[in-house]
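*Asks:* If you use the UniProt record's numbering, the sequence shown closes out at 394, no skipped numbers anywhere.
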Amino acid sequence: MASSRVDLDGNPIKPITICMIGAGGFIGSHLCEKLMTETPHTVLALDVYNDKIKHLLEPETNPWHGRINFHRLNIKHDSRLEGLIKMADLTINLAAICTPADYNTRPLDTIYSNFIDALPVVKYCSENNKRLIHFSTCEVYGKTIGSFLPKDSPLRKDPAYYVLKEDESPCIFGSIEKQRWSYACAKQLIERLIYAEGAENGLEFTIVRPFNWIGPRMDFIPGIDGPSEGVPRVLACFSNNLLRKEPLKLVDGGQSQRTFVYIKDAIEAVLLMIENPARANGHIFNVGNPNNEVTVRQLGEMMVKVKGLSFIVYSKVSGDPPLENATVDVSSKEFYGEGYDDSDKRIPDMTIINRQLGWNPKTSLWDLLESTLTYQHRTYAEAVKKVIAKPVAS
Ligand code: NAD
Ligand code: UDP
1 MASSRVDLDG NPIKPITICM IGAGGFIGSH LCEKLMTETP HTVLALDVYN DKIKHLLEPE
61 TNPWHGRINF HRLNIKHDSR LEGLIKMADL TINLAAICTP ADYNTRPLDT IYSNFIDALP
121 VVKYCSENNK RLIHFSTCEV YGKTIGSFLP KDSPLRKDPA YYVLKEDESP CIFGSIEKQR
181 WSYACAKQLI ERLIYAEGAE NGLEFTIVRP FNWIGPRMDF IPGIDGPSEG VPRVLACFSN
241 NLLRKEPLKL VDGGQSQRTF VYIKDAIEAV LLMIENPARA NGHIFNVGNP NNEVTVRQLG
301 EMMVKVKGLS FIVYSKVSGD PPLENATVDV SSKEFYGEGY DDSDKRIPDM TIINRQLGWN
361 PKTSLWDLLE STLTYQHRTY AEAVKKVIAK PVAS
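This is how it looks when you write it as structure tokens:
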């Protein structure tokens with residue numbers, strides 16, 4: 001496998017060692033899977049949890065056995081971190097608190113996790129001349145310029161007012177009381193720090209801005225493999241509602257718009273960055289699917305029914321009858337508490353990633369929802385049924 005693989009410029013790809021921080025999360029688990037099944041690279045997988053990569057770590061008969069080693073550690077306070085970064089050719093930092101329900105309710109943890117805890121990673125990479133791929137977020141763009149125009153302004157339809165470009169668009173956040181922006185602001189500052197390390201000290205870096213990557217293993221289902229009161233990101237919230245046969249909750253009417261990209265498409269982009277350093281270093285990349293734009297309301301409606309057909313995606317998957325009242329509106333204050341705010345619209349400009357890496361997303365929203373909901377049903381339906389069937393303690 002190793003000898004036949006070439007990069008985008010036709011050069012053979014040499015096997016490398018990757019220190020992956022946050023390898024046990026949603027994106028990390030898919031990236032580890034890709035690296036194990038399709039490349040000769042070795043992964044030092046760092047995380048506090050490993051449930052989502054257990055299938056890669058065991059059994060010992062896995063063909064990649066020995067190429068992935070799990071190190072259970074918290075990067076906040078573990079002296080092994082620098083040594084592991086030094087052992088690797090490349091560090092990928094995915095570790096973060098990145099669920100919006102935390103941004104306004106645990107702003108200190110959010111800022112520490114996304115900025116302070118990432119500082120030693122950047123420092124060790126810079127001091128030891130190691131390449132860094134750092135995961136930021138599309139949320140650094142905040143709100144679009146267009147969102148400040150009058151509702152009926154024709155300019156709102158002009159892409160110049162909403163398409164998000166890595167090297168041109170400003171970062172527009174709400175006031176400090178709107179603590180939702182604690183995450184975006186922390187991510188923005190770590191991006192600026194990494195960029196400055198590149199400019200002043202020659203750090204070789206790539207920054208990734210994911211635009212709503214979704215798919216199997218995203219987050220958790222409350223009360224099943226996460227806290228009962230926990231609020232995951234929208235895919236898991238809606239999946240949870242569907243599994244429990246509850247209406248999907250649309251925050252502030254579900255008017256915000258998002259573009260969703262299938263995790264497996266997005267991972268292809270990350271692999272191109274890993275294996276084409278000359279094309280990826282020094283760049284910030286939007287990674288999303290501009291063709292998969294919907295309002296959150298439309299996402300909810302899609303998760304309940306297949307386009308143009310009268311049967312239900314989820315019930316197609318589960319065999320259950322359709323929900324009657326499929327959605328319900330809730331205020332953001334009720335759902336997330338004080339200090340919540342939202343990004344209105346997120347369309348990634350794809351020029352830079354296209355030019356540098358020739359990457360394009362492939363999977364339509366319909367297709368990715370169908371495969372993801374099939375996974376959710378297979379993984380959780382029985383467990384949820386059991387929880388629902390339990391008599392409530394009086
Ligand atoms: P995730 O929560 O599933 O994964 C993050 C992982 O980091 C978790 O396994 C967690 O245990 C680990 N981690 C957190 N703090 C740690 C610490 N102190 N020490 C060791 N491990 C720690 O999230 P994800 O969706 O996989 O996101 C990964 C990265 O991508 C994050 O930086 C996130 O901000 C960014 N991102 C993701 C999306 C998306 O669409 N999924 C969108 C925007 C940005
Ligand atoms: N949202 C919703 N109902 C839910 C969960 C989320 O309407 O049960 C909305 C949320 O307000 C936001 C969008 O869905 O407008 C996407 O939320 P997500 O948590 O996935 O993260 P974001 O894209 O905001 O980073």
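Where a beta carbon is used, it is the ideal one built from N, C-alpha and C, also for glycine. The structure presented is a predicted model; accordingly, all values stated were derived computationally and were not measured.
Go ahead and label Asn50 buried or exposed: buried means 16 or more other beta carbons lie within 10 angstroms of its beta carbon, across all protein chains shown.
*Replies:* As a position in the sequence shown, residue 50 is number 50, starting the count at 1. Under this definition Asn50 is a buried residue.
*Asks:* Are the stretch 46 to 65 and the stretch 98 to 116 touching, with three or more C-beta to C-beta distances below 8 Å?
*Replies:* Flag = no, the stretch 46 to 65 and the stretch 98 to 116 do not touch.
*Asks:* Given a cut-off of 8 Å, decide if Gly254 and Gly300 are closer than it, judged by their beta-carbon atoms.
*Replies:* Within the sequence shown, the letter at position 300 stands for residue 300. Within the sequence shown, the letter at position 254 stands for residue 254. For Gly300 and Gly254, yes; Cβs fall inside 8 Å.
*Asks:* Return helix, strand or coil for Asp329, following the three-state DSSP convention.
*Replies:* Locating residue 329 in the sequence shown gives position 329, where the first residue counts as 1. Asp329 falls in the strand class under three-state DSSP.
*Asks:* DSSP on Trp359, reduced to helix/strand/coil?
*Replies:* Position 359 of the sequence shown, counted from the start, is the residue given in the question as residue 359. Three-state result, Trp359: coil.
*Asks:* Given Gly174, which residues of its chain have a CB within under 6 Å of its CB, disregarding the five upstream and five downstream residues?
*Replies:* Taking the first residue of the sequence shown as 1, we reach residue 174 at position 174. So the list reads Trp181 and Asp341, once near-sequence residues are dropped.
*Asks:* Can you find at least 3 beta carbon pairs, one from the stretch 145 to 154 and one from the stretch 205 to 221, that sit closer than 8 Å?
*Replies:* Cβ pair count under 8 Å is below three, so no.
*Asks:* Identify, in the order they occur along the chain, each residue of the same chain with its Cβ nearer than 7 Å to the Cβ of Pro216, setting aside the five sequence neighbours on each side.
*Replies:* Within the sequence shown, numbered from 1, the residue matching residue 216 stands at position 216. The answer, listed in chain order, is Thr372 and Tyr375.
*Asks:* Once the 5 residues before and after Leu189 are set aside, which same chain residues still bring their CB inside 8 Å of it?
*Replies:* Within the sequence shown, residue 189 is the residue found at index 189, counting from 1. Counting only Cβ-Cβ distances below 8 Å, and skipping sequence neighbours, we find Phe115.
*Asks:* Answer yes or no: the CB of Phe285 versus the heavy atoms of ligand 2, is any distance below 7 Å?
*Replies:* By one-based count along the sequence shown, residue 285 stands at place 285. No; taking the cut-off as 7 Å, the Cβ of Phe285 has no heavy atom of ligand 2 nearer than that.
*Asks:* Entirely within the stretch 27 to 60 and at least 3 residues each: give me those beta strand (DSSP E) ranges in chain order.
*Replies:* Here the runs fully enclosed are 42 to 47.
*Asks:* Closer than 7 Å to a non-hydrogen atom of ligand 2 - does that hold for the CB of Gly254?
*Replies:* By 1-based counting over the sequence shown, the position of residue 254 is 254. True, at least one ligand heavy atom lies under 7 Å from that Cβ.
*Asks:* Per the contact definition of three or more C-beta pairs closer than 8 Å, is the stretch 117 to 125 in contact with the stretch 154 to 171?
*Replies:* Touching, no.
*Asks:* Give the DSSP-derived three-state secondary structure of Ile214 in the structure shown.
*Replies:* The residue labelled residue 214 in the question sits at position 214 within the sequence shown. Note: Ile214 maps to strand in three-state DSSP.
*Asks:* Taking C-beta to C-beta, are Ile85 and Lys14 nearer than 8 Å?
*Replies:* Start at 1 with the first residue of the sequence shown, and residue 85 comes out as number 85. Start at 1 with the first residue of the sequence shown, and residue 14 comes out as number 14. Contact flag unset, no.
*Asks:* Starting from the C-beta of Leu8, find all residues in its chain whose C-beta is less than 6 Å away, skip the five residues before and the five after it, and write them out in chain order.
*Replies:* Residue numbering aside, residue 8 sits at position 8 when the sequence shown is read from its first letter. Counting only Cβ-Cβ distances below 6 Å, and skipping sequence neighbours, we find Asn276.
*Asks:* At what residue ranges does the stretch 198 to 249 contain a whole run of the beta strand (DSSP E), taking only runs of 3 or more?
*Replies:* Taking only runs of at least 3 residues, the beta strand (DSSP E) segments lying wholly in the stretch 198 to 249 are 205 to 210.
*Asks:* Counting beta carbon pairs with one atom in the stretch 206 to 216 and one in the stretch 132 to 140, are three or more of them shorter than 8 Å?
*Replies:* The stretch 132 to 140 is in contact with the stretch 206 to 216.
*Asks:* Residues in the same chain with beta-carbon distance under 8 Å from Pro54, minus the five sequence neighbours each way, listed in chain order, please.
*Replies:* The sequence position of residue 54 within the sequence shown is 54, counting from 1. Residue 54 is actually Lys in this sequence, not Pro. Here the set comprises nothing.
*Asks:* Are there 16 or more other CB atoms within 10 angstroms of the CB of Met87, so buried, or fewer, so exposed?
*Replies:* Along the sequence shown, read from residue 1 onward, the residue named residue 87 stands at position 87. Met87 comes out exposed.
*Asks:* Along the chain, where does the beta strand (DSSP E) containing Gln257 start, and where does it finish?
*Replies:* Here residue 257 refers to the residue found at position 257 of the sequence shown. Here the beta strand (DSSP E) through Gln257 covers Gln257 to Thr259.
*Asks:* If you draw a straight line from the alpha carbon of Ile21 to that of His283, how long is it in whole angstroms?
*Replies:* As a first step, residue 21 must be located in the sequence shown, where it is residue number 21. As a first step, residue 283 must be located in the sequence shown, where it is residue number 283. Those two C-alpha atoms are separated by around 20 Å.
*Asks:* In the DSSP assignment, find the unbroken alpha helix (DSSP H) run with His377 in it and report its ends.
*Replies:* Looking up residue 377 in the sequence shown gives position 377. Per DSSP, His377 belongs to the alpha helix (DSSP H) from Leu365 to Ala389.
*Asks:* Helix, strand or coil: which one does DSSP assign to Leu84?
*Replies:* Within the sequence shown, the letter at position 84 stands for residue 84. DSSP places Leu84 in helix when its eight states are reduced to three.
*Asks:* Which two residues bound the contiguous beta strand (DSSP E) that contains Asn93?
*Replies:* Here residue 93 corresponds to residue number 93 of the sequence shown, with the count starting at 1. Taken as a continuous stretch (DSSP letters only), the beta strand (DSSP E) holding Asn93 covers Leu90 to Asn93.
*Asks:* Going by alpha carbons, who is nearest to Asn104 out of Gln179, Ser79, Val330 and His71?
*Replies:* Translated into the one-based positions of the sequence shown, residue 104 becomes position 104. Among Gln179, Ser79, Val330 and His71, the Cα nearest to that of Asn104 is on Gln179.
*Asks:* Are the CB atoms of Ile18 and Thr42 nearer to each other than 8 Å?
*Replies:* Along the sequence shown, read from residue 1 onward, the residue named residue 18 stands at position 18. Along the sequence shown, read from residue 1 onward, the residue named residue 42 stands at position 42. Result yes, Cβ atoms of Ile18 and Thr42 sit closer than 8 Å.
*Asks:* Pick helix, strand or coil for Leu302, following the three-state DSSP scheme.
*Replies:* Taking the first residue of the sequence shown as 1, we reach residue 302 at position 302. Here the sequence assigns Met to residue 302, which means Leu is not the residue at that position. Of the three classes helix, strand and coil, the one that applies to Met302 here is helix, per DSSP.
*Asks:* Using only alpha-carbon positions, find the residue among Leu357, Lys345, His377 and Lys390 that is nearest to Lys143.
*Replies:* Residue mapping note: residue 143 aligns to position 143 of the sequence shown, counting from 1. Among Leu357, Lys345, His377 and Lys390, the Cα nearest to that of Lys143 belongs to Lys345.
*Asks:* Return yes when the C-beta of Cys138 is under 7 Å from any heavy atom of ligand 1, and no when it is not.
*Replies:* By 1-based counting over the sequence shown, the position of residue 138 is 138. Checking every heavy atom of ligand 1 against the Cβ of Cys138, one is found closer than 7 Å.
*Asks:* Near Phe205, what residues of its chain come up, given a Cβ to Cβ distance below 6 Å and the 5 sequence neighbours on each side ignored?
*Replies:* Locating residue 205 in the sequence shown gives position 205, where the first residue counts as 1. These residues qualify, in order along the chain: Leu132, Ile194 and Gly198.
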